[in-house]
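A.B. asks: Each residue of the sequence shown is one higher than the one before, starting from 48 at the first, in the working numbering.
All C-beta atoms in this analysis are idealised placements derived from N, C-alpha and C, irrespective of residue type, glycine included.
Model, not experiment: these values are computed from the prediction.
The structure under discussion is supplied below as structure tokens; questions concerning it will follow.
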Amino acid sequence: MDFVNINYGLNHKSYESLHNWSIENMSNFWDSIVKFFDIEFDHKSKTIYDFNKDFINAKWFTGSKISYSNNIFKNYNNKHPAIKFFDESGVYQEISWNSLKLKTVQFQKILIKNEIKVGDIVVGYCTNSPETIAAFLAVNSIGAIWSSCSPEFGFYSVNDRFTQLQPKILFFNSTYKYSGTIYSLIKKVKKLKKSINSIVKTVDLNSFSKFEDNSNELTLKNTPVDFNHPIWILFSSGTTDKPKAITHRTGGIILEHFKALAIHQNVIKYDNYFWYSTTGWMMWNYSLSSLLLGATLCIYDGSSNYPKIDILWDFIKKANINHFGHGSGYFQNLMDNHSTEIKSLDSSSLLTIGSTGSPLHRETNIFLNKIFKGVHIISLSGGTDVCTAFIGGNMDEKVNAGEIQCKMLGASVEIWDCDGKKIKNRSGELVLTKPLITMPVFFWNDPQNIKYKSSYFCKFKNIWTHGDWVTETQNGGFIVHGRSDSTLNRSGIRIGTSEIYSAVQTIDSVEDSLIIHIDLQKDKLILFVKSPLKIKKNHLVSVIRDKCSPRHVPDLIYKAPDIPYTLSGKKVELPIKKILMGQDSLKVISKDSLRNPESIKWYEDLYENFFKISF
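What follows is the structure in structure tokens.
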């Protein structure tokens with residue numbers, strides 16, 4: 048705040064005042080971010096920000112060029128490691144900046160040998176490991192575009208994503224370990240290469256796990272790209288169709304992540320930063336950017352609960368972690384099932400605990416405050432769509448349990464009712480009234496922006512509607528109630544209902560299915576199956592685990608007499624979710640719009656007879 052006041056002749060005395068300035072004076076605000084963090088550009092911009100109602104065509108730093116990898120490696124030093132790595136087997140490793148650079152150069156040579164150039168796409172089907180970090184940095188250093196999926200995703204889920212991109216090179220792990228079991232990806236990779244004709248080479252990262260630390264003077268070539276040039280492609284969940292390929296701009300990611308990590312999470316140079324993630328979740332990409340600040344990136348591979356519930360605390364102690372983040376479900380589990388064990392854990396190095404992926408409930412927040420006294424609890428809410436948060440932490444203010452503290456700087460956040468009126472103290476849609484710098488530059492294979500517009504701009508004209516149910520409280524905090532669409536979000540890993548349906552439909556005895564995520568008080572994924580035969584739950588679980596993700600195995604499975612459909616043939620997901628969250632069915636769905644309106648009664652009865660007690 049002092050920096051802004053001195054350099055821009057202002058007199059901000061409160062966060063609210065600073066936030067208002069950040070959205071009313073976008074050009075000056077983002078200029079201040081560049082100057083404060085000394086962000087390196089190859090070419091300076093002619094215009095920082097230009098917006099005239101059209102979100103998608105808003106202009107950012109026109110004419111400028113920048114390199115993500117260059118802004119990372121300018122933090123090269125011999126005193127602090129670049130990466131600290133730990134896995135569920137207990138292997139601990141520190142990777143120096145020199146070692147990371149050597150490995151990045153090694154991968155860069157492979158890319159250049161295979162004629163990868165600016166704008167080409169390289170993908171990863173890989174674990175959260177130091178070699179994956181190096182592979183990404185190599186791809187980024189030559190101006191190519193990165194996209195990745197975690198190994199737990201089945202062939203069909205990965206194929207649906209990568210087929211859209213037509214990548215030239217695939218990085219992968221031939222084997223990986225999760226919950227004590229070793230899995231192989233070799234067969235899946237062979238199928239992917241056969242399915243995606245554009246792949247000219249596959250690279251097994253398991254063959255590059257050794258990091259050398261020597262004095263070889265190897266030059267890493269960093270190619271600056273246009274501010275709006277794609278840095279990576281993240282995928283939507285694929286609720287009603289194939290996952291959308293959300294493409295992010297290089298410069299927007301750099302500036303936003305400097306701001307979000309440093310200002311809203313208090314990450315500084317030489318801090319040890321950790322957020323549990325896989326390579327298929329945006330938090331992997333977000334965490335990478337801690338390297339921009341000169342912090343040490345701490346990464347973990349494997350189950351966060353195996354071989355013991357406190358395995359991540361072993362990592363905290365070994366790595367002296369200052370910032371610890373995880374999905375809210377992890378902290379809920381600690382409170383519900385492991386409160387005794389967690390009280391004895393050493394958290395003396397922690398400065399912040401971060402939570403995202405789904406709402407952090409009030410009781411869980413209170414629990415964390417009691418256990419980790421003096422540690423700032425930061426809840427974030429944003430999405431894959433922007434690879435950051437709209438609302439997040441404020442280090443200068445107290446945390447009200449169950450609330451996210453503030454609107455993020457540069458994010459023009461409001462809560463609207465269905466009539467487009469700004470509201471407080473009751474739930475509504477989270478919207479953006481002005482563009483965010485990390486909005487997608489476009490969706491891949493969407494030249495007319497049809498998918499882009501339908502994803503965010505259908506509900507309110509020229510207003511970004513994110514799809515979250517949120518209440519803005521009287522004191523300026525926010526309570527997130529969950530998704531207003533039918534995306535399934537477990538431990539921060541999003542997947543579309545259509546992917547679950549595709550998996551379940553391979554079972555001959557299943558006629559139809561419906562899946563919803565209840566996240567009001569307890570995190571429950573519920574699958575309803577229509578079948579003339581007795582449900583074999585173990586078989587259902589096995590199929591979903593194999594074809595989709597272990598994190599999306601249902602908590603509850605019911606045999607339902609029918610699955611409700613609209614007259615146009617769409618499954619009625621969101622209204623059923625609302626009914627099972629206690630809302631009046633007459634207010635959430637018009638039975639005249641249903642092909643089989645009588646089917647609703649069974650779900651109403653289910654709520655009355657079970658959910659009121661269980662939830």
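#1: How big is the Cα-Cα spacing for Phe490 and Lys498?
#2: How many angstroms separate the CA atom of Asp273 from the CA atom of Ser111?
#3: At a cut-off of 6 Å, is Asn269 close to the ligand NAP when judged by its beta-carbon and the heavy atoms of the ligand?
#4: Measuring straight from C-alpha to C-alpha, what distance separates Leu339 and Lys577?
#5: Using CA atoms only, rank isn't needed, just tell me which of Thr613, Ile86, Ile293 is closest to Pro644.
#6: Can you check whether the CB of Gly430 is closer than 7 Å to the CB of Asp570?
#7: Starting from the C-beta of Ala342, find all residues in its chain whose C-beta is less than 6 Å away, skip the five residues before and the five after it, and write them out in chain order.
#8: Along the chain, where does the beta strand (DSSP E) containing Glu461 start, and where does it finish?
#9: Looking only at its chain, what residues have a beta carbon closer than 6 Å to the beta carbon of Phe50, apart from the 5 residues adjacent to it on each side?
#10: What is the rounded straight-line gap between the Cα of Ser64 and the Cα of Met455?
#11: Report the CB separation of Thr326 from Cys434 in whole angstroms; it is logged as a contact under 8 Å.
#12: Alpha carbon to alpha carbon, how far is His311 from Tyr62? Give it in angstroms, no decimals.
#13: Starting from Gln211 and walking both ways along the alpha helix (DSSP H), at which residues does that stretch end?
#14: First and last residue of the beta strand (DSSP E) that includes Ser402?
#15: What did DSSP end up calling Leu265 once you bin it into helix, strand or coil?
#16: Can you say whether Thr297 is buried or exposed, counting buried as having 16 or more other CB atoms within 10 angstroms of its CB?
#17: Output needed for Ser35: all residues of its chain with C-beta closer than 8 Å, excluding positions within five of it in sequence on either side, in chain order.
#18: Quick one: is Pro198 buried, meaning 16 or more other Cβ sit within 10 Å of its Cβ, or exposed?
#19: Using the C-alpha atoms, what's the distance from Ile418 back to Asp559?
#20: Using the C-alpha atoms, what's the distance from Thr485 back to Glu303?
#21: Is it buried or exposed for Gly137, if we count other Cβ within 10 angstroms and need 16 for buried?
#22: Thinking just about the alpha-carbon of each residue, which of Phe200, Gly629, Leu407, Ile425 is nearest to the one in Leu308?
#23: Is the segment 382-397 close to the segment 342-359, with three or more CB pairs under 8 Å?
#24: Go ahead and pull the three-state DSSP assignment for Lys506.
#25: Answer yes or no: do Gly190 and Val165 have a C-beta to C-beta separation smaller than 7 Å?
#26: Give the range of the beta strand (DSSP E) segment to which His370 is assigned.
#27: Per DSSP, which one or two residues make a beta bridge with Gln140?
#28: Closest by CA to Glu87, which one among Ile95, Ser194, Asn104, Ile119?
#29: Just checking my contact of Ile604 with Leu580 at CB under 8 Å: how many whole Å lie between their CB atoms?
#30: Is the beta carbon of Gln213 less than 7 Å from the beta carbon of Ser242?
#31: Contact check, Ala181 vs Thr222 under 8 Å by CB: the rounded distance?
#32: Over the uninterrupted alpha helix (DSSP H) stretch that includes Ala182, give me the two end residues.
#33: Any idea what DSSP makes of Lys638, helix, strand or coil?
#34: In terms of residue numbering, what span does the alpha helix (DSSP H) encompassing Lys215 cover?
#35: Can you tell me whether DSSP reads Gly298 as helix, strand or coil?
#36: Is Ser324 near Tyr225, with beta carbons less than 7 Å apart?
C.D. replies: On the basis of the supplied data:
#1: Position 443 of the sequence shown, counted from the start, is the residue given in the question as residue 490. Position 451 of the sequence shown, counted from the start, is the residue given in the question as residue 498. For Phe490 and Lys498, the distance between alpha carbons rounds to 7 Å.
#2: Mapped onto the sequence shown, residue 273 falls at position 226. Mapped onto the sequence shown, residue 111 falls at position 64. Asp273 and Ser111: Cα-Cα distance of roughly 6 Å.
#3: Here there are no bound small molecules, and the ligand NAP is not part of this structure.
#4: Within the sequence shown, the letter at position 292 stands for residue 339. Within the sequence shown, the letter at position 530 stands for residue 577. Cα to Cα, Leu339 sits roughly 51 Å from Lys577.
#5: Locating residue 644 in the sequence shown gives position 597, counting from the first residue. Ranking the options by Cα distance to Pro644, first place goes to Thr613.
#6: The residue labelled residue 570 in the question sits at position 523 within the sequence shown. The residue labelled residue 430 in the question sits at position 383 within the sequence shown. Judged by their CB atoms, Asp570 and Gly430 are not nearer to each other than the 7 Å cut-off.
#7: For this step, residue 342 is matched to residue 295 along the sequence shown. Within the same chain, Ala342 has close Cβ partners Val314, Asp318, Tyr320.
#8: Here the question's residue 461 lines up with position 414 in the sequence shown. Residues 460-463.
#9: Mapped onto the sequence shown, residue 50 falls at position 3. Result list for Phe50: Phe83, in chain order.
#10: One-based indexing of the sequence shown puts residue 64 at position 17. One-based indexing of the sequence shown puts residue 455 at position 408. About 13 Å.
#11: Residue mapping note: residue 326 aligns to position 279 of the sequence shown, counting from 1. Residue mapping note: residue 434 aligns to position 387 of the sequence shown, counting from 1. Contact flag wrong, Cβ pair sits at about 14 Å.
#12: Taking the sequence shown and counting its residues from 1, one reaches residue 62 at position 15. Taking the sequence shown and counting its residues from 1, one reaches residue 311 at position 264. Those two C-alpha atoms are separated by around 11 Å.
#13: Locating residue 211 in the sequence shown gives position 164, counting from the first residue. From DSSP, the alpha helix (DSSP H) with Gln211 extends over 202-212.
#14: The count along the sequence shown starts at 1 and reaches residue 402 at position 355. Run containing Ser402: 399-403, per the beta strand (DSSP E) assignment.
#15: Mapped onto the sequence shown, residue 265 falls at position 218. Here Leu265 sits in coil by DSSP.
#16: Working through the sequence shown from its first residue, we reach residue 297 at position 250. So Thr297 counts as buried.
#17: Outside the shown range of the chain (48 to 662) lies residue 35, about which nothing can therefore be said.
#18: Numbered from its first residue, the sequence shown carries residue 198 at position 151. Buried, because 16 or more other Cβ atoms sit within 10 Å of the Cβ of Pro198.
#19: Residue numbering aside, residue 559 sits at position 512 when the sequence shown is read from its first letter. Residue numbering aside, residue 418 sits at position 371 when the sequence shown is read from its first letter. Computed Cα separation, rounded: 45 Å.
#20: Position 256 of the sequence shown, counting from 1, holds the residue named residue 303. Position 438 of the sequence shown, counting from 1, holds the residue named residue 485. Cα to Cα, the separation comes out at about 7 Å.
#21: On the sequence shown, position 90 is the one that residue 137 refers to. Gly137 comes out exposed.
#22: In the sequence shown, residue 308 corresponds to position 261, counting from 1. Of Phe200, Gly629, Leu407, Ile425, the residue nearest in Cα terms is Ile425.
#23: yes
#24: Counting from one through the sequence shown, the residue named residue 506 turns up at place 459. Here Lys506 sits in coil by DSSP.
#25: Here residue 190 refers to the residue found at position 143 of the sequence shown. Here residue 165 refers to the residue found at position 118 of the sequence shown. Yes, they are a contact pair.
#26: Residue mapping note: residue 370 aligns to position 323 of the sequence shown, counting from 1. Unbroken beta strand (DSSP E) run through His370: 370-374.
#27: For the purposes of this step, residue 140 is identified with residue 93 of the sequence shown, where counting begins at 1. Paired residue(s): Phe132.
#28: The residue labelled residue 87 in the question sits at position 40 within the sequence shown. Glu87 has its Cα closest to that of Ile119, out of Ile95, Ser194, Asn104, Ile119.
#29: Residue 604 sits at position 557 when you count from the first residue of the sequence shown. Residue 580 sits at position 533 when you count from the first residue of the sequence shown. Contact between Ile604 and Leu580 does not hold, since their C-beta atoms are separated by about 14 Å, which reaches or exceeds 8 Å.
#30: Sequence index remark: in the sequence shown, residue 213 carries index 166 (1-based). Sequence index remark: in the sequence shown, residue 242 carries index 195 (1-based). No. Outside cutoff.
#31: Your numbering for residue 181 matches position 134 in the sequence shown. Your numbering for residue 222 matches position 175 in the sequence shown. At roughly 19 Å, the Cβ-Cβ gap does not stay under 8 Å, so Ala181 and Thr222 are not in contact.
#32: As a position in the sequence shown, residue 182 is number 135, starting the count at 1. Start and end: 177-188.
#33: Reading the sequence shown from its first residue, position 591 is the one you call residue 638. Secondary structure at Lys638: helix, using DSSP grouped into helix, strand and coil.
#34: Residue 215 sits at position 168 when you count from the first residue of the sequence shown. Bounds of any alpha helix (DSSP H) do not take in Lys215, whose DSSP letter is neither H nor E.
#35: As a working note, residue 298 is residue 251 in the sequence shown. Here Gly298 sits in helix by DSSP.
#36: Locating residue 324 in the sequence shown gives position 277, where the first residue counts as 1. Locating residue 225 in the sequence shown gives position 178, where the first residue counts as 1. No, the Cβ-Cβ distance between Ser324 and Tyr225 is not below 7 Å.
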